[in-house]
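Taken in sequence, the protein lines are chains A and B. Numbered per the numbering used here, the first sequence spans residues 657 to 1147. Numbered per the numbering used here, the second sequence spans residues 657 to 1147. Glycine included, C-beta positions come from ideal geometry on N, C-alpha and C. Notes follow the structure.
2 protein chains.
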Amino acid sequence: MPHSLSFIDAFHPIFYPRTLAVIGASADPTKFGNIILSAIQEIGFGGKIYPVNPDGGEIKGLKVFRSLAEIPGPVDFAVITIPASVLLSTLEECRQKGVKGVEILTSGFKETGTAEGRQLEGEISRFALGGMRVLGPNCFGIYCPESGLTILPGQNFSRETGPVGFLSQSGGLCADLGQIAKGLGIRFSKMVSYGNGCDVAACDLLEFFFADPKTGVIAGYVEGIDDGPRFLRLLRENRGKKPVILWKAGLTATGGRAVQSHTGSLGGSAAVWEGAFRQAGVIQVYSAEELIDAIYAFLYLPGGAGPRVAVMGGGGAISVAASDSLERLGLSVPYFSPAVLQKLKASFPPVGNSLRNPVDLGNPMIPPSMLRRVMEAAGEDGGIDTLIVIQILFYILYQVRHRVGMADQPLSRFSFQPELLKACQEIKARYGKPIILALPDITTDGQMIDLEIELRKERDIYQAAGFPVFSSLDRAARALSHVVRFRGMVS
Amino acid sequence: MPHSLSFIDAFHPIFYPRTLAVIGASADPTKFGNIILSAIQEIGFGGKIYPVNPDGGEIKGLKVFRSLAEIPGPVDFAVITIPASVLLSTLEECRQKGVKGVEILTSGFKETGTAEGRQLEGEISRFALGGMRVLGPNCFGIYCPESGLTILPGQNFSRETGPVGFLSQSGGLCADLGQIAKGLGIRFSKMVSYGNGCDVAACDLLEFFFADPKTGVIAGYVEGIDDGPRFLRLLRENRGKKPVILWKAGLTATGGRAVQSHTGSLGGSAAVWEGAFRQAGVIQVYSAEELIDAIYAFLYLPGGAGPRVAVMGGGGAISVAASDSLERLGLSVPYFSPAVLQKLKASFPPVGNSLRNPVDLGNPMIPPSMLRRVMEAAGEDGGIDTLIVIQILFYILYQVRHRVGMADQPLSRFSFQPELLKACQEIKARYGKPIILALPDITTDGQMIDLEIELRKERDIYQAAGFPVFSSLDRAARALSHVVRFRGMVS
């Protein structure tokens, strides 16, 4: 069933409201009603904000309205942070005011496990039948960089828009992801924390993201699904179109129990979900880290990333570990072709190197000019799809600086990054194969913070040039394997 | 078969040499012969160092001997970095000088896969038959903080001694581990990079570490085993005594191939090794990260850590994720007993919290005074063995500082650490249950480096007080599961 135009249209005032009421706005900086108001103000929301509180007055330079009815003109969207006990009358006021959508941050409903909580939540969802879309309760709201709407606490999320649509029953995960995303250059079209999901939930959001032209990659954290058959039908219809990365939590007995007291959902069996997801072409992940890495890989490896990988770096265990972990993930590290290997051998000393792939150049301080020859070989070789280059900055920067007795000089002076980036760009341009960098951090010593500073700087430069950077080879390989498996599905 | 005294005694001049020759010492800072000499000098080796090079002269303030024979008095141990072609004559000189042991850093032997390389390596190992122990070739040597001997490049390894005995076919992994260990407070009795292992290899080192009173926890990275039946017999004899953590690499087809060109070993089948390790009570790990986390857990959780875990923190997905990942690892997150839960409920508001375990206190900025009540409940509850406390410093420090409008103040001003540490200490003292901290880093933004600085500072303080700190709940749980499985074997 294709979505109706009105279904998609109904989301417009929610993601792009021109006027916004914060019901339960507060001057107390520990209250949700203050935190969410501040966040929306600070991120620079483009529309008009109306704080609402029966006490009136002024908060953060904005006039406070004593009731919704007092607000002049229409209100598109309302953020609600008032106690559960007065929620129904407030929703009735919203209905009368003609509000198009609300997000309810308040908790104390289905997730309490009480009959009272369940009943109250049922009554909330009835308001949705009248056409007003309801997000939550027990959620952190919506982040939409294009309009400047943000979640709790998302005041410092990026204002750049991007292709990722994210849906989550956990508000905490949204808050974490928005933060982590910043440094990784992951940008969102919309992020929706929908909590208990009494009206808008996984199915509607999936359907919206499939239709939304601004969303190219969909990711989500789900605990329970509002309508399993519809959910799977939607996913199957999308098969081979937009990538969908899902973390389905609560798949163990204990996890299922925790889900119930978190958002009042039902977890479901692992085998059933895994089978259904496989059929529907969903990329299933099992942790926040894996979720983030997969999103990142889909953004930075838009095409061409294949399963036959050349791994290159210095330090032997790296190459053995690479081989083991890539093979476990369904990728391969094939030998270079005899002709390519012959050429490579001619330009390296015969000892201390393993050139057949994985390529172990013996030590981590290999100058980019030498690494470039290996990259060229991997580019030329018809049996290789993807390159992974490992650089352990501790050795390249700290050890080299120490050896040449220049401990007073900044680490960046010893960096291979400018030359290596150039090599990456030329090889990628010439052979069209994606290049992934692994920059493992092998010290978390409090005294060596300058290495972490340099590492982030180099990562940002590679990223800005379109090369993904992972903090370990294992994470790079796992993320690549998700992209490869997805591409295999697209004919 | 118990080890003979002479077998163990033969290692003494290797780990604690009074006199040390560096054969192939060089003034060129890019050569191994310079790097290893500098490293041993800089770490502060306690014995006498004799550089040897036919050119003579002086390097780093030390007189260079033109040959081993020129050195006055006996030489206990020799570090050899000369080309493969002149190795045999040098070993003969060592034999004549009465050197007790040598480490050969040179590569170009069995790992080349050539008949010539294999033959040369066979001839090296014949010198060992005469009583001189040979480490390597193709290795990075020995690190022994007690004597001040160190590997290549280990000039800044810790001089503190500790209980971990580490054996590795990868020198690169030794170099990484020594570095990572510093910040984590992991200290070694001895670390041995044995490369191709033509004489001293996994079996001898295992037997030595079992007998060594200074070694309490044994860990290792092995590619091939010199004598499989002896190796497994040694492990079985140790069952229930010292924990042995092993990363057996090369268990996949590609990994096995990489092993061959790395140290010339044979990988072997995954199923066979996994079965044998299980029988022998070995803690098997599959990556450097898992290896390090397991060593760390054995050091910081010396007793009492059991499988029934109370997990506490703020943010809902944390609790669901905790439940899923702990159960997958064979741990459990049982409900608190009704009496304990009753007491707990009385001191928390009824809404926004999930108190049954995992305990989700609704938001990450929970003051330690509240968290302490949950810790007390977990301490009191007879059904709980181990506590995991999650603290997301980004929210506790950055968000709180932002809310109170004090962006110019240092992050540490907002820290819960002093109060939380006190709570950890009191609860641990009162109930005797281990407490693990998870301090996830949810930003790697270049601009927010002060958070990383504060994180390392807090980690160091918890660690110094004996509380292990992991960077994620998943890593904490995996490491705990290794300790729990091992303790289950000890009656």
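Residue i versus residue j - alpha carbon distance
i: Ile738 (chain B); j: Gly937 (chain B); result: 41 Å
i: Phe667 (chain A); j: Lys897 (chain A); result: 22 Å
i: Ser981 (chain A); j: Glu767 (chain B); result: 21 Å
i: Pro1014 (chain B); j: Gly853 (chain B); result: 48 Å
i: Phe844 (chain A); j: Val820 (chain A); result: 4 Å
i: Phe864 (chain B); j: Ile664 (chain B); result: 6 Å
i: Ala725 (chain A); j: Thr675 (chain A); result: 14 Å
i: Leu1067 (chain B); j: Leu947 (chain B); result: 32 Å
i: Arg1086 (chain A); j: Gly1035 (chain A); result: 8 Å
i: Ile699 (chain B); j: Ala677 (chain B); result: 16 Å
i: Glu1082 (chain A); j: Gln1065 (chain A); result: 30 Å
i: Glu930 (chain A); j: Asp1037 (chain A); result: 36 Å
i: Ser1147 (chain B); j: Met788 (chain B); result: Any reading at Ser1147 (chain B) must be qualified, since the residue scores a pLDDT of 37, below 50, and its modelled position is unreliable; no value is offered.
i: Ala683 (chain B); j: Tyr1054 (chain B); result: 50 Å
i: Gly786 (chain B); j: Glu748 (chain B); result: 11 Å
i: Ile951 (chain A); j: Arg895 (chain A); result: 17 Å
i: Glu816 (chain A); j: Ala944 (chain A); result: 22 Å
i: Ser662 (chain A); j: His1058 (chain B); result: 40 Å
i: Val1030 (chain A); j: Ile1044 (chain A); result: 11 Å
i: Asp860 (chain A); j: Glu1075 (chain A); result: 48 Å
i: Glu650 (chain A); j: Ser849 (chain B); result: Missing from the structure shown is residue 650 (chain A); chain A here goes from 657 to 1147 and no further.
i: Asp711 (chain B); j: Gly717 (chain B); result: 15 Å
i: Met847 (chain A); j: Ile1046 (chain A); result: 33 Å
Residue nearest to residue i in terms of C-alpha spacing, selected from the options
i: Ile1092 (chain B); options: B:Ser1025, B:Pro958 and B:Thr675; result: B:Pro958
i: Val915 (chain B); options: A:Val976, A:Ala961, A:Leu1076 and A:Val790; result: A:Val976
i: Gly1039 (chain A); options: A:Phe796, A:Arg964 and A:Leu791; result: A:Arg964
i: Ala966 (chain A); options: A:Pro673, A:Ala683 and A:Lys1089; result: A:Lys1089
i: Glu983 (chain B); options: B:Leu776, B:Asp1130, B:Gly703 and B:Leu829; result: B:Asp1130
i: Asn812 (chain B); options: B:Leu823, B:Gly839 and B:Phe822; result: B:Gly839
i: Ala1094 (chain A); options: A:Arg1112, A:Thr1100, A:Lys1084 and A:Lys1078; result: A:Arg1112
i: Leu823 (chain B); options: B:Ile736, B:Leu902, B:Pro793 and B:Gly764; result: B:Leu902
i: Met968 (chain A); options: A:Gly797, A:Asn1019, A:Val900 and A:Ala927; result: A:Asn1019
i: Gly884 (chain B); options: B:Met1026, B:Val928, B:Met847 and B:Asn894; result: B:Val928
i: Tyr956 (chain B); options: B:Asp1097, B:Asn1009 and B:Val873; result: B:Val873
i: Val735 (chain B); options: B:Leu693, B:Glu1114 and B:Leu718; result: B:Leu693
i: Ser723 (chain B); options: B:Asp1116, B:Ser745 and B:Gly818; result: B:Ser745
i: Ile807 (chain B); options: B:Gly769, B:Ser925, B:Ala740 and B:Gln697; result: B:Gln697
Per DSSP, the bridge partner or partners of residue i
i: Leu718 (chain B); result: B:Ile715
i: Met1148 (chain A); result: A query on residue 1148 (chain A) cannot be resolved here, the shown segment of chain A reaching from 657 to 1147 and no further.
i: Phe733 (chain B); result: B:Leu676 and B:Gly757
i: Ile1044 (chain B); result: B:Val967 and B:Ile1092
i: Gly960 (chain B); result: Beta-bridge pairing links Gly960 (chain B) to no other residue.
i: Ile738 (chain A); result: None, per the DSSP bridge assignment.
i: Trp903 (chain A); result: A:Tyr877 and A:Val941
Cβ pair residue i, residue j closer than 8 Å
i: Glu879 (chain B); j: Thr910 (chain B); result: no
i: Ala695 (chain A); j: Pro809 (chain A); result: yes
i: Leu907 (chain B); j: Phe887 (chain B); result: no
i: Lys904 (chain A); j: Gln935 (chain A); result: no
i: Phe1123 (chain B); j: Ala1132 (chain B); result: no
i: Ile760 (chain A); j: Val790 (chain A); result: yes
i: Leu890 (chain B); j: Thr1042 (chain B); result: no
i: Phe688 (chain B); j: Leu805 (chain B); result: no
i: Gly757 (chain B); j: Cys795 (chain B); result: no
i: Leu829 (chain A); j: Tyr877 (chain A); result: yes
i: Ser803 (chain A); j: Phe671 (chain A); result: yes
i: Val1060 (chain A); j: Pro685 (chain B); result: yes
i: Glu1010 (chain A); j: Ser917 (chain B); result: Looking at the sequence provided, one finds Ser at residue 1010 (chain A) rather than Glu. Against a cut-off of 8 Å, the Cβ pair of Ser917 (chain B) and Ser1010 (chain A) comes out as a contact.
i: Pro1023 (chain B); j: Phe954 (chain B); result: no
i: Asp882 (chain A); j: Ala858 (chain A); result: yes
i: Gln1073 (chain A); j: Ile1098 (chain B); result: no
Residue i beta carbon near the ligand ADP (any heavy atom closer than 7 Å)
i: Ser993 (chain B); result: No copy of the ligand ADP appears in this structure; indeed no ligand is present at all.
Proximal residues of chain C, C-beta to C-beta of residue i below 7 Å
i: Arg1069 (chain B); result: Of the chains in the structure shown, none is chain C; the protein chains are A and B.
Is the stretch 777-797 of chain B touching the stretch 868-883 of chain B in the sense that three or more CB pairs, one from each, lie closer than 8 Å? no
The stretch 1094-1106 of chain B contacting the stretch 1042-1050 of chain B, beta-carbon criterion three pairs below 8 Å: yes
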